[in-house]
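S.K.: I am attaching a structure below and will ask some questions about it afterwards.
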Amino acid sequence: MEHFDTTHNWDSNGRYIVQMPIVKDTVQLDLSKNIVVKRLNSTLIRLNKNPDIKKLYSDFLDEYENLGHMEEVKEDILPNPHYYIPQQAVLRPDKSTTKLRVVFTSGAPDLETAIKIQQQLIGMMNAGGIHLYKWCSNSCHLLSKVSTDDQEYVVGNDDHTSVKALGLS
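This is the structure:
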């Protein structure tokens, strides 16, 4: 309430204007590089067994870079805090157009942690005026607080031990 009292005013249209609060405490991010390196090594071992899939994966990375969606980053100049997002190649042989899809994953070790992370993410993004939509998960519990218009339950996932979620803005 103090922030509102000290920063609000009226604009020329008669609307309230309130400054965005600035949080001085930094968010502590997990050490994610080790996880990403392990996943990358796993992916490379798998891809080396199948040159066709390796080519599809390499083509994806080239296109992603050419479109400006990624760029090489020198670790010594990374700002702090920073976070590495793991990804994996998913083969879809039944598809005629996109046989290989790359999925960026930032899962949690258990459902309780996933729900906490989801709530924190939604809270942070909403505070910045960004609505996350199209959540996808293999856990109906993780989607329980997400609008039915914004969710998709993934059926047929063989890996029932992990909870996966993706929010797009």
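Start counting the sequence shown at 47; every next residue gets the next number (our numbering).
Ideal Cβ placement from N, Cα and C applies to all residues, glycine included.
From a predicted model like this one, the values you see are computed outputs, not experimental measurements.
Per DSSP, what are the beta-bridge partners of residue 148 in this structure?
M.R.: Note: residue 148 sits in a beta bridge opposite 135.
S.K.: With a Cβ-Cβ cutoff of 8 Å, do residue 93 and residue 135 count as a contact?
M.R.: Cβ atoms of residue 93 and residue 135: closer than 8 Å.
S.K.: Would you say the segment 136-154 touches the segment 169-178, given that touching needs at least three Cβ pairs under 8 Å?
M.R.: No: fewer than three Cβ pairs fall under 8 Å.
S.K.: Is the beta carbon of residue 137 less than 8 Å from the beta carbon of residue 99?
M.R.: Yes, they are a contact pair.
S.K.: Would you kindly work out how many angstroms separate the C-alpha atoms of residue 104 and residue 163, rounded to a whole number?
M.R.: Taking the straight line from one Cα to the other gives about 32 Å.
S.K.: Residue 84 lies in the alpha helix (DSSP H); which residues open and close that run?
M.R.: 79-94 is the extent of the alpha helix (DSSP H) around residue 84.
S.K.: Between which two residues does the alpha helix (DSSP H) harbouring residue 110 extend?
M.R.: Start and end: 97-112.
S.K.: Taking the straight line between their C-alpha atoms, what separation do you get for residue 66 and residue 193?
M.R.: Rounded to whole angstroms, residue 66 to residue 193 spans 26 Å at the Cα level.
S.K.: Taking the continuous alpha helix (DSSP H) assigned at residue 51, which residues delimit it?
M.R.: 48-53 is the span of the alpha helix (DSSP H), which, as asked, contains residue 51.
S.K.: Here's the rule I'm using: 16 or more other beta-carbon atoms within 10 Å means buried, otherwise exposed. How should residue 102 be labelled?
M.R.: Residue 102 should be labelled buried.
S.K.: Which word fits residue 130, buried or exposed, when buried means at least 16 other C-beta atoms lie within 10 angstroms of its C-beta?
M.R.: Under this definition residue 130 is a buried residue.
S.K.: Grab me the residues of residue 53's own chain with a C-beta within less than 7 Å of its C-beta, minus the 5 sequence neighbours each way, in chain order.
M.R.: Contacts found: 64 and 65.
S.K.: Have a look at the DSSP bridge pairing and note the partners of residue 62.
M.R.: Residue 62 is bridged to 56.
S.K.: With C-beta atoms as the reference, is residue 109 less than 8 Å away from residue 117?
M.R.: Result no, Cβ atoms of residue 109 and residue 117 do not sit closer than 8 Å.
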